[in-house]
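> If you read the protein sequences in the order shown, they are chains A and B.
Numbers 1 to 337, taken from the numbering used here, label the letters of the first sequence in order.
Numbers 1 to 571, taken from the numbering used here, label the letters of the second sequence in order.
From the three backbone atoms N, C-alpha and C, an ideal C-beta is built for every residue, glycine too.
Here's a structure for you.
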Amino acid sequence: MIHYILRRTLIAIPTLLVISFIIFAILDLAPNDPTGNLPMTVPPEVRAKIRSSLGLDEPMHIRFGLWLVQFCVNEPLNILYEGFGISIGDAENRTRIISWSTRSPVVDLIIQRTPQTLWVVGLSYLFGILIAIPIGIVSAYRQYSWFDQVGTFISMVGFSVPTFFTGMVAIIIFSVQLRWFPMIYDTTLEVDSWQNFVSQVKQMIMPVAVLALYNASQLSRFMRASILDNLNLDYVRTARSKGLSERVVLLIHVLRNSLIPVVTLIALGIPTIFSGAIITEQIFRVNGLGQLLIIAIESADIPLVQTLTFIFAIMIVVFNLIADVVYGILDPRIRYE
Amino acid sequence: MKYIISTLLTLAIVVGIASTVQAKRGSDGQLNLVYWQAPSTMNPNLSGGTKELEASSVVLEPLGRYDETGNLLPWLAEEIPTVSNGGISKDLTTITWKIKKGIKWSDGSALTADDAVFTYEYCSNPDTGCTQSNYWSDIKSVTAVNSVTVKVEFTVPKPFPYAPFVGYNAPILQKAQFDGCQGAKAQECNKQNFYPIGTGPFKVVDFKPNDVIVFEANPNYRDASKPAFNKLVLKGGGDAVSAARAVLETGEMDYGWNLQVEPEILIQMEKAGKGKVVSAFGTSVERLMVNFTNPDPSLGDMRSEYVGGNNNRNSHPYLSDYNVRRALSLAIDRQVLVDAGYGKAGKIGCNVLPAPAIYASSANDECKTPNVAEANRLLDAAGWKRGSDGIRKKNGVRISILYQTSTNSVRQASQALIKEMWKQIGVETELRNLSASVFFGGDVGSPDTYQKFFTDIEMYTNNFSGTDPQTYMSNWTCKEMAQKSNKWGGNNMPRWCSPAYDALSAEMSVTSAMKDRIRLTKEMNDMLMEDYAMIPLIHRGDVSAHSNSISGVRMNPWDSELWNIADWTRK
């Protein structure tokens, strides 16, 4: 197993290098200009000066190499320095990846945005799982019952209606009409008192609910299908004929086996938490990583787009590995040699 | 009942008295602004975006700034220098500003002329990459005569020398803070760029780029009773519709900026009674640019290139015909475009220079009423005959227009409407839209930029900042033609060239009397309009909304919308 993990990790390095180069090349070839969004009153000579001050005059391979060094060496060293006070080399004058639109280090922006994304998108993922699993179990066990029909209907709606629509409906009902929840997420709110905690919960309810509905409807279908597959298998009949109660058969024997594919699916879905729910973040102004990516793309902030997408790529590679390993742990029949 | 009424009356009187009493600094609590395009920095010199200029204008201030009618007001200066008060030299090459006494930065130190000199040095350093450097052009030197007097010397006579230190584009930075941030270092000073020290009514306490900015009242602000708010929150992100909703329907926000929303939606929202939509009309005009050169792809390198003096040998196959251009303009019903896409944010535009009011010409008001019959008559008379498909032709040339603009729902709606209007006069139109970052991107390698203009017609909005039209009107001189030789760096997209126009532009650059400047500007505008070098469509305004509980908002098209935020109060 350890041998397998090691091998996979080593293969991941060239994969990621290729990915980073492809991202860089695509962004570089795209007809984008960081000065394109400036007002038309800014003359072309000034634009040229701005472009050169951003380092755009250098040839592509130099810029790629520079970025790679900054990402792989300078930024980790900087985290060590700022986070733990460990200084290796010239910590003060180390160049960092600078975002073009804000002129501040990209990694600082990402760190600043991560908490709200993890809270909102992460919680919605968690709630989605907690809702989906029981619904999936009951729906499968009582297949074609009214519960199953209603569950199917709701998950179809949740899955097929886009979040920008459910989000808008939620805002119109709960913010505009009922005035229960604020429609604008306050990222400066610090939970330091009971009152602020209540405000924090209030402002999180709508975005979390909208996303949880979407996640739950997807997962509950998988859960249901997986349980249905298992219910017809021989070991279930054996368990029942041994005289085990239905409860034990379902919740211990069937559930464990049906969870195997679902757990893999959940693990593979975790990177999407970090990439944020772009649309939902926009609607509720959560301003997390998803919104950061969108703004960066709109303003042609290449270093930020490059770094963010590459971090997402790393996440996907890592969680793929984790999913494979977890699969091996859960299902003893699977052996990696 | 009587008792209740009398109590209410007493209360009303008490409230009435309270509101007449001079407000104290910070007495009105928190003010919430929503800018759906979130500011990415607080340093106006490193971002030319209006959102950043607006945000920084509550902290950084210039010596002079414009009020909502376009009047120049002394802001940090004692008075506006003019030739008659001796502030501007007779030969128009120097301007001397005197700073008001007792102005302090928010850290308590005094504002001096050195700060002003430093600001010029900061922005004129080519390595800074200063986005506002056109406000500091043609300057020979900026010197501090004494601690409160700044002298700006120009290399050429400036009849209108109010660019440096005027308006939200060119505010004063604190030397002590930005000293180590000049040149290439400017990019790395994110602490300074995010938390600039200013003289304005507020100071930054928390800056989250592209998300939210938290300000507090500046304890050293020059007017001890202002600002009325102790905290200012500028929230960014999301979209214009939900920003409008947060001000007009839920009342969560007090002020929403740049609400480019379909007019019927805004009207609907305003009915909720929580807030008011306000608009201001500056110099923005949505216009059709007419290509005077031939954009035929088969021409290769000669595409859309201007060849030869007055007789353009590479002229456009049909748009070089005056009658066609005039017919295209006559066929457009501009009111329909206003109603469909702009509402309160637009008026019929018949001039390329619609404002300030003193410069606006009334010679072209014909465009207010469409006249399809006249357009058809003109084309018939000019020999453009309808073919079997209903499209006009002459000598084998069909009037089939390729019409491009940037991707934007209002623009695409206007395109579709104009296509229908032109169909009525036998003109075929093919529509095209390009992502704004490509269209306005200026990438010399891309054929799709508005500068290259490889189509017959293109549509966008242009404007000028400030109130003086001299530079703007010089955009359509012959030497400004955007083409290969200047890497499409010029501003004359139609490649319209007229020696008479160039002469007027040259005269303007040496004329300082206001009366003559107005006459010249009008003449130039009318020349462009009468020859249909551009077909103006909409005089576009800025639309914002404020809550009914906020008073003092004076929406300003010439400067920051937050220019007088120190005077805003909560009722």
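Kindly list, in the order they appear in chain A, the residues whose Cβ is closer than 7 Å to that of Ala246/B.
Residues of chain A passing the Cβ test: Met183 and Ile184.
> Mind checking Thr283/B: buried by the 16 CB within 10 Å criterion, or exposed?
With 16 or more Cβ atoms within 10 Å of its Cβ, Thr283/B is classed as buried.
> In chain B, which residues lie with their C-beta within 9 Å of the C-beta of Gly290/A?
Going along chain B, no residue has its Cβ under 9 Å from Gly290/A, so there is no contact; the nearest lies around 11 Å.
> Among residues of its own chain, excluding the 5 on either side of Met168/A, which ones have a beta-carbon nearer than 8 Å to its beta-carbon?
For Met168/A, where only same-chain residues beyond five positions count, the Cβ hits under 8 Å are Ile283.
> Assuming the contact rule is C-beta atoms closer than 8 Å, Ser406/B and Tyr460/B should be a hit. Round their C-beta distance to whole Å, please.
About 6 Å separates the two Cβ atoms, so the contact holds.
> Go through the stretch 311 to 390 of chain B residue by residue and report every complete run of the alpha helix (DSSP H) that reaches 4 residues or more, in order.
Fully enclosed alpha helix (DSSP H) runs of 4 or longer: 322 to 330, 334 to 341 and 372 to 381.
> On the three-state DSSP scale, how would you describe Phe215/B?
In the structure shown, Phe215/B sits in a strand (DSSP, three-state: E or B).
> For Tyr35/B, which three-state DSSP category applies?
Of the three classes helix, strand and coil, the one that applies to Tyr35/B here is strand, per DSSP.
> Whole angstroms is fine: what's the gap from Cys497/B's alpha carbon to Trp476/B's?
Each residue's Cα considered, the two are about 7 Å apart.
> In chain order, which beta strand (DSSP E) runs of at least 3 residues are fully inside the stretch 81 to 142 of chain B?
Entirely contained in the stretch 81 to 142 of chain B, the beta strand (DSSP E) runs reaching 3 residues are, in chain order, 94 to 98.
> Which residues, in chain order, does the stretch 203 to 214 of chain B contribute to contact with chain A at a C-beta distance below 8 Å?
Result list: Asp206, Lys208, Pro209, Asn210, Asp211, Val212 and Val214.
> Which parts of the stretch 175 to 207 of chain B are runs of the beta strand (DSSP E), unbroken and 3 residues or longer, counting only runs that do not cross its ends?
None, since the stretch 175 to 207 of chain B contains no complete beta strand (DSSP E) of that length.
> Check whether the Cβ atoms of Gln30/B and Lys231/B lie closer than 7 Å to each other.
Yes, the Cβ-Cβ distance between Gln30/B and Lys231/B is below 7 Å.
> The beta strand (DSSP E) with His546/B in it runs from where to where?
Looking at the DSSP string, the run of the beta strand (DSSP E) that includes His546/B is Met534 to Ser547.
> What three-state label does DSSP hand Val138/A in the structure shown?
Three-state DSSP puts Val138/A in a helix.
> Starting from the Cα of Thr128/B, find the closest Cα among Ile391/B, Phe178/B, Asn291/B and Ala331/B and give me that residue.
The shortest C-alpha separation from Thr128/B is found at Phe178/B.
> Taking the alpha helix (DSSP H) that Lys522/B falls in, what are its first and last residues?
Its alpha helix (DSSP H) spans residues Met514 to Glu530.
> Where does Met204/A sit, in a helix, a strand or coil, going by DSSP?
The answer is helix: DSSP assigns Met204/A an H, G or I state.
> Closest to Phe159/A by C-alpha separation, out of Ala216/A, Gly269/A and Asp186/A, would be which residue?
Comparing Cα-Cα distances from Phe159/A to each of Ala216/A, Gly269/A and Asp186/A, the minimum goes to Ala216/A.
> Whose CA, out of Ala48/A, Leu6/A and Ile2/A, lies closest to the CA of Gly441/B?
When only C-alpha atoms are compared, the closest one is Ala48/A.
> Measure the C-alpha to C-alpha separation of Pro261/A and Ser226/A and round it to an integer number of angstroms.
So the alpha carbons of these two residues sit roughly 8 Å apart.
> Counting C-beta neighbours from all protein chains within 10 Å, is the total for Arg65/B 16 or more, i.e. buried, or is it exposed?
That one is buried.
> What are the residues in the stretch 228 to 255 of chain B lying within 8 Å of chain A by C-beta distance?
The residues in question are Val233, Lys235, Gly236, Gly237, Gly238, Asp239, Ser242, Arg245, Ala246, Glu249, Thr250, Glu252 and Met253.
> Since Pro196/B and Leu173/B are thought to touch, with beta carbons under 8 Å apart, how far apart are those beta carbons, to the nearest angstrom?
The pair is a contact, with the Cβ atoms about 7 Å apart (cut-off 8 Å).
> So with CB distances below 7 Å, who are the chain A contacts of Asp127/B?
Here the neighbours are Ser53.
> Please classify Met1/A: does DSSP put it in a helix, a strand, or coil?
Three-state DSSP puts Met1/A in coil, outside helix and strand.
> I need the straight-line Cα distance from Ile334/A to Tyr235/A, nearest angstrom please.
Rounded to whole angstroms, Ile334/A to Tyr235/A spans 19 Å at the Cα level.
> Could you check what DSSP says for Arg333/A in three-state terms: helix, strand or coil?
Coil, per DSSP.
> If we cut at 7 Å on Cβ distances, does Val120/A have a partner in chain B?
Not an interface residue.
> With a threshold of 7 Å on Cβ separation, who are the neighbours of Ala355/B within its own chain once the five nearest residues in sequence on each side are excluded?
For Ala355/B, where only same-chain residues beyond five positions count, the Cβ hits under 7 Å are Phe281, Gly282 and Thr283.
> Short of 6 Å in beta carbon distance, which residues of its chain neighbour Val444/B, apart from the five on each side in sequence? Order them along the chain.
Lys487, listed in sequence order.
> Locate the alpha helix (DSSP H) running through Ser155/A, then write down its first and last residues.
Unbroken alpha helix (DSSP H) run through Ser155/A: Trp146 to Ser160.
> For the 8 Å Cβ check, are there 3 or more pairs between the stretch 88 to 102 of chain A and the stretch 302 to 318 of chain A?
Segments in contact, yes.
> Buried or exposed for Gln116/A, please, with buried defined as at least 16 other CB atoms from any protein chain shown within 10 angstroms of its CB.
By the neighbour-count rule (16 or more Cβ atoms within 10 Å), Gln116/A is buried.
> Which class does Asn287/A belong to by DSSP, given the choice of helix, strand or coil?
Coil, per DSSP.
> Identify every residue that forms a DSSP beta bridge with Lys484/B.
Answer is none; Lys484/B lacks a bridge partner.
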